[in-house]
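Line by line, the protein sequences are chains A and B.
Numbered by the working numbering, the letters in the first sequence go through residues 1 to 114 in order.
Numbered by the working numbering, the letters in the second sequence go through residues 1 to 113 in order.
Below you'll find the structure, written out as structure tokens, and then a few comments.
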Amino acid sequence: DAGVIQSPRHEVTEMGQEVTLRCKPISGHNSLFWYRQTMMRGLELLIYFNNNVPIDDSGMPEDRFSAKMPNASFSTLKIQPSEPRDSAVYFCASSKQGAHYGYTFGSGTRLTVV
Amino acid sequence: AQSVTQLGSHVSVSEGALVLLRCNYSSSVPPYLFWYVQYPNQGLQLLLKYTSAATLVKGINGFEAEFKKSETSFHLTKPSAHMSDAAEYFCAVSEDQGQNFVFGPGTRLSVLP
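Encoded structure:
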């Protein structure tokens, strides 16, 4: 199994530009999570999906952030327009449904907005 | 509401010494508890988990953790630290089938030669 695959690994963009982060979950996992990690705030859950349906997006910081999961094998997190304070590492994780399984994390996308 | 505290944002031990990383949680129902490790520039990797079976849980790389309900704790230990254990360790709790985990702030472990 290739694990959870995120792309790109690094993204540097100018303020105001649109940024799209991508995630391919593990086949057979039906839950997908987007997290943001910063030194100041630690790990923050942004949104999660069960069976491609968004369940809880209360962690999405503002309307500039949006996430989609058009099918079981692909999800995107979009920031438009980007701001310097969005600079962080964004992680995608997937899981079988059921808290006892735990998550499998991707390697993350390091986003720098200048 | 569930929450997690990790005492000590940074712990240093000598190589070969005991590793003890503390985790306390609050939960209104029997929880699921997890420890994750994050090496530099990598994602989080599951070390071990407690899911209401044995209270002493063994994980990868020689780590283990004990669930103590009376103390609401799930401390992580390893008898003998290795240089390769240097990383950030996160405790997490979930109490519902919705899988909404709450992660602790993390503890950075340094291993001194």
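All residues carry an ideal CB built from backbone N, CA and C; glycine is no exception.
Since we're looking at a predicted model, the values are computed, not measured.
In this structure, what does DSSP give as the bridge partners for residue i?
i	result
residue 71 of chain A	A:74
residue 21 of chain A	A:77
residue 58 of chain B	B:64
residue 112 of chain A	A:12
residue 66 of chain A	A:78
Apart from the five residues on each side of it in sequence, which residues of its chain come closer than 7 Å, Cβ to Cβ, to residue i?
i	result
residue 26 of chain A	1, 3, 4, 94 and 104
residue 30 of chain B	52
residue 114 of chain B	With chain B represented from 1 up to 113, any question about residue 114 of chain B goes unanswered, as that position is not in the structure.
DSSP state of residue i, grouped into three classes?
i	result
residue 26 of chain A	coil
residue 85 of chain A	helix
residue 42 of chain A	strand
residue 69 of chain B	helix
residue 94 of chain B	strand
residue 39 of chain B	coil
residue 57 of chain A	coil
Looking only at its chain, what residues have a beta carbon closer than 8 Å to the beta carbon of residue i, apart from the 5 residues adjacent to it on each side?
i	result
residue 83 of chain B	15, 111 and 113
For residue i, which residues from the same chain have a beta carbon less than 6 Å from its beta carbon, with the 5 sequence-adjacent residues on both sides left out?
i	result
residue 37 of chain B	45, 47, 87 and 89
residue 112 of chain A	12 and 87
residue 108 of chain B	10 and 88
Item to complete: Would you check if the stretch 13-30 of chain A and the stretch 80-95 of chain A touch, i.e. whether three or more CB-CB distances between them fall below 8 Å?
Response: yes
Practice prompt. Select from the stretch 8-35 of chain B all residues with a C-beta closer than 8 Å to any C-beta belonging to chain A, and list them in chain order.
Written response: 32 and 34
Worksheet item: Just by C-beta distance, which residues in the stretch 10-30 of chain A are closer than 7 Å to chain B?
Response: none
Practice prompt. Select from the stretch 46-78 of chain A all residues with a C-beta closer than 9 Å to any C-beta belonging to chain B, and list them in chain order.
Written response: 48, 50, 55 and 56
Item to complete: Could you run through the stretch 92-104 of chain A and flag, in chain order, every residue whose CB is less than 9 Å away from some CB of chain B?
Response: 92, 93, 95, 97, 98, 99, 100, 101, 102, 103 and 104
Worksheet item: Any chance the stretch 61-74 of chain A sits against the stretch 52-71 of chain B, with 3 or more Cβ pairs inside 8 Å?
Response: no
Item to complete: Answer yes if the stretch 71-81 of chain B comes into contact with the stretch 16-26 of chain B, meaning at least three C-beta pairs across the two stretches below 8 Å, and no otherwise.
Response: yes
Discussion item. Give me the subset of the stretch 46-69 of chain B whose CB atoms are less than 7 Å from a CB atom of chain A, sorted by chain position.
Written reply: 46, 49 and 51
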